[in-house]
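Each residue of the sequence shown is one higher than the last, beginning at 20 in this note's numbering.
Right, one structure below, let's go through it.
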Amino acid sequence: MEKIAVNAEGHLMLGGVDAVQLTQEYGTPLYVMEEDVIRAAMKAYRDSINRFYDGKGLICYASKAFSCKEIYRIAQSEGLGVDVVSGGELYTAHQAGFPMDKVVFHGNNKTPAELRMALDLGVGRIVADNIEELHLLSALAAEKGVTPNVLLRIKPGIDAHTHQFIMTGQIDSKFGFALETGEAMEAVKEALAAPSLHLIGVHCHIGSQIHEVTPFIRAAEVMMQFMASVREETGVTLTDLNLGGGYGIRYTDEDDPVPHAAYMEEVSEVIRSSAEMFHLPVPFILMEPGRSIVGEAGTTLYTVGSIKHIPGIRTYISVDGGMGDNPRYILYQSKYDFLLANRAAEAPTTTVTVAGKCCESGDLLGENVPLAEAKPGDILAVRSTGAYNYSMASCYNRNPIPPVVMVKDGTSRVIVKGMTYEQIVENDI
Ligand code: LLP
């Protein structure tokens with residue numbers, strides 16, 4: 020079990036605030052985010068760019084992990100860029116006043132409306148995923164008389180060991196141009212020939228929640244090799260290399276994440292040695308960590324309701340949230356650490372299944388979960404829920420999406436209000 024802060028009353032402390040008090044003030048379910056944890060991760064990545072690349076690079080927080088206005092303000096204040104993957108994320112960043120030149124726009128099927136929006140807002144880098152998109156972007160840019168900076172998403176052909184749904188670097192993927200078929204080089208040539216596009220680099224992202232350094236190293240080698248081939252075939256030296264995100268975090272004791280700085284150092288060594296070998300300049304490096312910035316900063320708090328002991332089978336503990344606020348167990352069988360926030364110092368004595376309140380048997384948050392003996396009214400805390408929880412939430416069964424509270428130095432503030440029933444029917448005619 021990870022180290023947690025517990026106060027004299029035996030309550031879990033988050034950012035110097037009593038978690039039980041938070042539930043009294045804001046209700047449950049409640050997403051809690053610790054600002055210091057987020058800022059420390061952002062700073063660690065930014066420092067790595069300074070240390071290993073002499074500051075010639077940009078960390079672009081992958082905002083799909085957790086998107087709301089406040090996170091863009093925090094990223095801005097930490098000097099980061101951001102990665103957006105939809106018109107909605109782009110709109111949110113813009114509404115938060117995020118500098119558009121530090122935005123990287125992704126997506127395997129951006130709509131014409133989204134591309135127009137990106138061009139109108141002056142997004143710093145657009146990552147083209149496929150040939151149709153490259154043609155569309157070129158036409159839209161010509162129409163508007165602008166020349167966006169473009170990167171091409173490349174499939175480096177790396178199999179990273181993670182869940183199949185979050186693996187993206189292999190050939191059989193809906194993302195990007197394949198190297199081995201020659202498709203990627205063709206796209207480079209087309210982009211270079213398009214007068215309304217400014218091709219500046221290439222991008223890859225091999226998957227998510229990866230705990231090994233080797234696949235990142237292999238991907239960096241493959242990408243540098245490709246940049247060398249581009250120069251050989253076209254005479255053009257691309258300046259930007261975007262290596263995506265994917266660094267794993269700790270959910271439970273089964274996870275053994277590599278510290279950020281270690282990844283960054285090892286990858287930078289490969290980049291430097293490849294640059295030397297190919298007589299290329301060290302490219303401007305972009306990286307897009309999402310989960311490893313916000314994941315461990317988040318804790319979700321629920322109130323325990325019904326408890327069903329099914330003799331010889333299992334005990335269900337039902338909480339007042341579930342797959343609506345955290346669909347990750349049902350999607351990826353993701354494991355989490357659970358504890359009772361109001362009796363946080365108590366050691367686990369039971370093994371339970373934690374169920375949500377949706378009208379669906381699969382609505383579980385965990386199985387075989389070690390937990391202290393729970394009673395109705397206890398506060399259940401689920402740790403490391405900062406990434407891909409709020410951002411993947413739905414109001415299935417018309418359960419409102421819970422609020423998000425940021426805690427720091429013993430104070431709390433709402434950064435996303437909880438959805439109301441009025442908002443649930445707002446768009447119904
Ligand atoms: N860059 C690109 C192009 C991506 O597709 C992603 C994640 C990232 C960066 C950030 O990856 P991270 O550092 O967060 O691993 N919903 C899934 C994760 C999907 C990841 C999608 N792409 C989950 O809950 O595990």
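Beta carbons are placed, not taken as given, at the ideal position from N, Cα and C, and that holds for glycine.
Is residue i near the ligand LLP, in the sense that its beta carbon is under 7 Å from a heavy atom of that ligand?
i, result
"GLY265", "yes"
"LYS83", "yes"
"TYR440", "no"
"GLN352", "no"
"ALA406", "yes"
"GLU217", "Just to set this straight, residue 217 is His in the shown sequence, not Glu. Not under cutoff, so the answer is no."
"HIS154", "no"
"PRO307", "The question names Pro, yet the displayed sequence has Glu at residue 307. Answer for GLU307: yes, Cβ within range of the ligand LLP."
"ARG269", "no"
"SER67", "no"
"SER287", "no"
"ASP102", "yes"
"GLN114", "no"
"MET411", "yes"
"GLN40", "no"
"HIS230", "no"
"SER86", "no"
Any idea which residues DSSP pairs residue i with across the strands?
i, result
"GLY317", "MET52"
"LYS327", "TYR335"
"MET296", "Bridge partners of MET296: none, in fact."
"LYS174", "ALA197"
"ARG432", "MET425"
"HIS217", "ASN168"
"MET32", "ALA24 and ASP37"
Output needed for residue i: all residues of its chain with C-beta closer than 6 Å, excluding positions within five of it in sequence on either side, in chain order.
i, result
"VAL401", "THR319, TYR355 and PHE357"
"GLY141", "MET119"
"GLU202", "PHE196"
"VAL388", "PHE357, VAL371 and VAL373"
"LYS327", "TYR335"
"TYR80", "ALA94, LEU99, VAL101 and ILE312"
"GLU133", "GLY106"
Distance, Cα to Cα, residue i vs residue j?
i, j, result
"ASP259", "ARG144", "10 Å"
"ASP102", "PHE124", "6 Å"
"GLY164", "PRO131", "16 Å"
"LEU198", "GLY254", "19 Å"
"ALA94", "GLY265", "18 Å"
"VAL423", "ILE434", "6 Å"
"GLU21", "GLU379", "31 Å"
"GLU53", "GLY405", "9 Å"
"GLY107", "THR439", "20 Å"
"ILE5", "HIS279", "Since the first and last residues shown for the chain are 20 and 448, residue 5 lies out of range."
"LEU390", "THR42", "20 Å"
"PRO167", "ALA160", "7 Å"
"THR256", "PHE117", "30 Å"
"ALA213", "GLY267", "38 Å"
"THR200", "TYR351", "31 Å"
"LEU156", "ASN127", "13 Å"
Quick one: residues in its chain with C-beta nearer than 7 Å to the C-beta of residue i, no 5 flanking neighbours on either side, listed in chain order?
i, result
"PHE297", "MET243 and ALA247"
"ASP37", "ASN26 and HIS30"
"THR368", "ALA391 and GLU392"
Can you give me the Cβ contacts of residue i inside the same chain, cut-off strictly under 8 Å, excluding the 5 residues immediately before and after it?
i, result
"VAL232", "VAL277, ALA281, TYR282, GLU285 and VAL286"
"GLN442", "PRO419"
"CYS87", "THR111, TYR409, VAL423, ILE434 and VAL435"
"ALA84", "GLY309, ARG310, ILE312, VAL313, GLY314, GLY405, ALA406, TYR407 and SER410"
Quick check: the segment 94-103 against the segment 48-64, are at least 3 beta-carbon pairs closer than 8 Å? yes
Are three or more beta carbon pairs between the segment 376-386 and the segment 350-361 nearer than 8 Å? yes
Check whether the segment 361-371 touches the segment 23-34, taking contact to mean three or more Cβ pairs, one atom from each stretch, closer than 8 Å. yes
Specify whether the segment 304-314 and the segment 61-81 touch according to this definition: at least 3 beta carbon pairs, one from each stretch, less than 8 Å apart. yes
Does the structure place the segment 266-286 close enough to the segment 206-222 that three or more beta carbon pairs sit under 8 Å? no
Does the contact criterion of 3 or more C-beta pairs under 8 Å hold for the segment 309-325 versus the segment 47-58? yes
So does the segment 367-382 actually touch the segment 324-339, counting three or more Cβ pairs closer than 8 Å? yes
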